[in-house]
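To start, the structure under review is shown below, and the notes come after it.
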Amino acid sequence: MADDLKITASNKEEKYRELLPQIEALVKGESDVIANLANVCAALKYGMNFFWVGFYLVEENELVLGPFQGPVACTRIQKGKGVCGTAWSKGETVIVEDVDKFPGHISCSSLSKSEIVIPIYNNGEIISVLDVDSDHYSSFDKTDELWLKKILELILY
Ligand code: SME
1 MADDLKITAS NKEEKYRELL PQIEALVKGE SDVIANLANV CAALKYGMNF
51 FWVGFYLVEE NELVLGPFQG PVACTRIQKG KGVCGTAWSK GETVIVEDVD
101 KFPGHISCSS LSKSEIVIPI YNNGEIISVL DVDSDHYSSF DKTDELWLKK
151 ILELILY
């Protein structure tokens, strides 16, 4: 992707603001979680021009690849491993400005440069994580965390 296509801090919030009601309309009235997760991935990937967007679902004490958009990815991640497993074990959002500087980062594509992972809670337990990758360094900040969490609130588990 060319640098001029990078989402800048100034237009990021505007894009999320436009996307939120669109995602709300997409998931409203649909009770199937997988269908909604799949549409959220597509809306985020193409609406925000991200490199990879996907969910890893907690299954028998592992994260297992769920709905995603982007290149093929690793299917299972152990607790505490990589960015996803770290967000899961810490129970908090992890933002990585340069994936090569994150110890234990699991590289699914050499094109991925920065990443945000947000754990998703249900009844006090983490049931999945949202993983968003960018092919630019330092793409994610608190604005992404805020808006991605708003989007996640639209999905009924
Ligand atoms: N980089 C992630 C693994 C998933 S891929 O980015 C799609 C991690 O370190 O957990």
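Per my numbering, residue 1 is the first one in the sequence shown, and the count goes up by one each step.
Cβ coordinates follow ideal geometry from the N, Cα and C atoms, glycine included.
{"Query": "Provide the residue span of the beta strand (DSSP E) that contains ASN122, from first to last.", "Result": "114–122"}
{"Query": "Compute the Euclidean distance between the alpha carbons of LEU20 and GLU62, then round it to the nearest angstrom.", "Result": "30 Å"}
{"Query": "What distance in whole Å lies between the Cβ atoms of ASP141 and CYS84, which are believed to be in contact at a cut-off of 8 Å?", "Result": "With a Cβ gap of about 19 Å, CYS84 and ASP141 do not count as contacting."}
{"Query": "Rounded to the nearest angstrom, what separates LYS45 and PHE51 at their Cα positions?", "Result": "7 Å"}
{"Query": "Kindly confirm or deny that the region 27–37 and the region 100–109 touch, where touching means at least three C-beta pairs closer than 8 Å.", "Result": "no"}
{"Query": "Checking the sheet assignment: what are the DSSP bridge partners for GLU59?", "Result": "GLU62"}
{"Query": "Given this structure, state the Cα-to-Cα distance separating LYS79 from GLU115, to the nearest angstrom.", "Result": "18 Å"}
{"Query": "Suppose you measure from the CA of VAL96 to the CA of SER134; what does that come to, to the nearest Å?", "Result": "10 Å"}
{"Query": "Report the residue ranges of all beta strand (DSSP E) runs contained in full by the region 36–97; include only those spanning at least 3 residues, in chain order.", "Result": "52–59, 62–69, 76–78, 94–96"}
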